[in-house]
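Below is one structure, written out as structure tokens; comments come after it.
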Amino acid sequence: MIILNLTLKNKTVKTVVWACKGVLLLIAHDIEIIKDNKKYKVSNNTFTGSVLEVVSYDVKGSGYDREYSTVNGAQGRFFNSVYEEKKTVSLRLRYQVDKMAQVTHLKSNLQALLRGHYYLRELSTPDTSIKYEDIFNTKPQEFELDYVDGRQIFVGLVNAISIDTTQTSGEFELEFETIELPYFESIAYSTDLESESRSVEKWAVSDSLPFNVNDNKRKYTFHDTKICNVYYAGTVEINQINQDSTVEVTLAENVSKNDKNGTTFYMVESGDVINIKGLELKAGDTIKFDGIHTFRNGLNIDAYNVSRRNPTLIPGWNTFRSTKLMQKVVFKHKEYYM
């Protein structure tokens, strides 16, 4: 057996090794499509089989739309706001089939696979060593692929699938754009990070998360306190209604509806002040903030959230403080990344 250490260029997908048994194709890079709770690899799936390979994959940074205004008599312009609209994803594929008639079927099946909205995840091999086996070894050799990180991006196809049906092999490009948020999001929730050891399915070294489950950066549930510090590992603040985030507070003391101050929650770093009053609250009641509404034991109490605010999480440490003793606090959210 001969070991060949091969250094692949960035985004190289397959390595072709000519041997006595013919052509050996090794996948070093792939894309996973998560659709309707099912996972499909581009290189091997029930729609297109194993005739596709990823040539390149590029997630372009979100563009910025800036708004300005002018003032009579003043030179230049005044900046008003900036808006991040979307990310675009370019995926270049190579195909190879035996007969030209199969190209038409490939095109149709690929359209079925890429219909609708879905998540994309990137995979690559950590070891590109290629082993030359003897001719009597019939077991195919393949690279072991790992997730590049614990992130995914929610997209939809925007360009028409164009494949030359007169050729049995060739390359073509697909373009996607993000649906709703122009960010990556974590596979798992913060509460998964709190309760599980590191998993290649959900976390990666590049996410810079602590290995120790008991590390304070992995603590998202707190008990019997008026103040707690929670670490948000994302790079994009959580402050929009279409981000997946909830904060649940179980009260440890009663609050009278006649209490002029009610109960107030503070997010120190973001400056959020959330005041709930005019409502009879009892120890054991659970108040839930979901980014849009406020609930008490599952019932909407938006009318009593007089500040009309929800907790905002910013990258790094966040201090959450209450004027009343809290029996339990749970921060459950996805991490969002640029």
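Using my numbering, the letters of the sequence shown correspond one by one to residues 1171 to 1508.
From the three backbone atoms N, C-alpha and C, an ideal C-beta is built for every residue, glycine too.
Predicted model only: the values in this text are computed from it and were never measured.
Element boundaries [alpha helix (DSSP H), containing residue i]
i	result
E1364	S1360 to S1365
N1207	Neither: N1207 is in no alpha helix (DSSP H) and is coded neither H nor E.
L1280	A1271 to L1283
Extent of the continuous beta strand (DSSP E) run through residue i
i	result
N1386	Counting along the chain, N1386 falls outside any beta strand (DSSP E), and DSSP gives it neither H nor E.
N1250	F1248 to E1254
K1458	T1456 to F1459
G1356	The identity of residue 1356 in the sequence shown is Ser, whereas the question assumes Gly. Where S1356 is concerned, the enclosing beta strand (DSSP E) stretches over F1354 to S1356.
S1260	T1258 to Q1266
I1444	D1442 to I1446
E1292	H1287 to S1294
Helix, strand or coil at residue i according to DSSP, with G and I counted as helix
i	result
D1394	strand
M1508	coil
L1315	coil
R1321	strand
I1409	Checking the sequence shown, residue 1409 turns out to be Asn, not Ile. The answer is coil: DSSP assigns N1409 none of H, G, I, E or B.
T1335	coil
E1423	coil
I1349	coil
L1449	coil
G1404	coil
L1379	coil
E1418	strand
L1194	Bear in mind that a pLDDT of 47 at L1194, under 50, signals an unreliable position, so the number given afterwards is only what the model happens to contain. In the structure shown, L1194 sits in a strand (DSSP, three-state: E or B).
N1399	strand
G1326	strand
G1340	strand
E1439	coil
D1429	coil
Beta-carbon proximity of residue i to residue j, cut-off 9 Å
i	j	result
M1496	T1434	no
T1405	P1485	yes
L1293	H1199	yes
F1117	T1258	Because the chain is modelled from 1171 through 1508, residue 1117 falls outside the range shown and cannot be assessed.
F1459	T1416	yes
T1482	E1407	yes
V1400	I1446	no
S1226	L1261	yes
K1264	S1332	Checking the sequence, you will find Arg at residue 1264 rather than Lys. Taking 9 Å as the Cβ cut-off, R1264 and S1332 do not qualify as a contacting pair.
S1232	E1254	yes
L1276	L1222	yes
Q1413	G1448	no
L1152	Q1410	No statement about residue 1152 is possible, as the shown extent of the chain runs from 1171 to 1508 and does not include it.
T1335	T1274	yes
I1204	V1212	no
V1436	S1492	The amino acid occupying residue 1436 in the given sequence is Tyr; Val does not appear at that position. Yes, they are a contact pair.
Residue i CB to nearest heavy atom of the ligand MN below 8 Å
i	result
S1220	Judged by which ligands are present, the structure shown has none, so any question about the ligand MN falls away.
(request) Say whether the region 1282-1296 touches the region 1378-1397, bearing in mind that this needs 3 or more beta-carbon pairs closer than 8 Å, one atom from each stretch. (result) no
(request) Run through the region 1461-1503 for me and flag every whole alpha helix (DSSP H) of 4 or more residues, listed as ranges in chain order. (result) none
(request) Say whether the region 1501-1508 touches the region 1440-1447, bearing in mind that this needs 3 or more beta-carbon pairs closer than 8 Å, one atom from each stretch. (result) no
(message) Which runs of the beta strand (DSSP E) at least 3 residues long sit entirely within the region 1207-1246? Give them in chain order.
(response) 1208-1211, 1222-1230 and 1234-1239
(message) Quick check: the region 1461-1468 against the region 1353-1368, are at least 3 beta-carbon pairs closer than 8 Å?
(response) no
(request) Check whether the region 1199-1208 touches the region 1245-1254, counting contact only when three or more Cβ pairs, one atom from each stretch, lie closer than 8 Å. (result) no
(request) Mind the definition here: the region 1354-1363 touches the region 1320-1330 only if three or more C-beta pairs lie below 8 Å; say whether that holds. (result) yes
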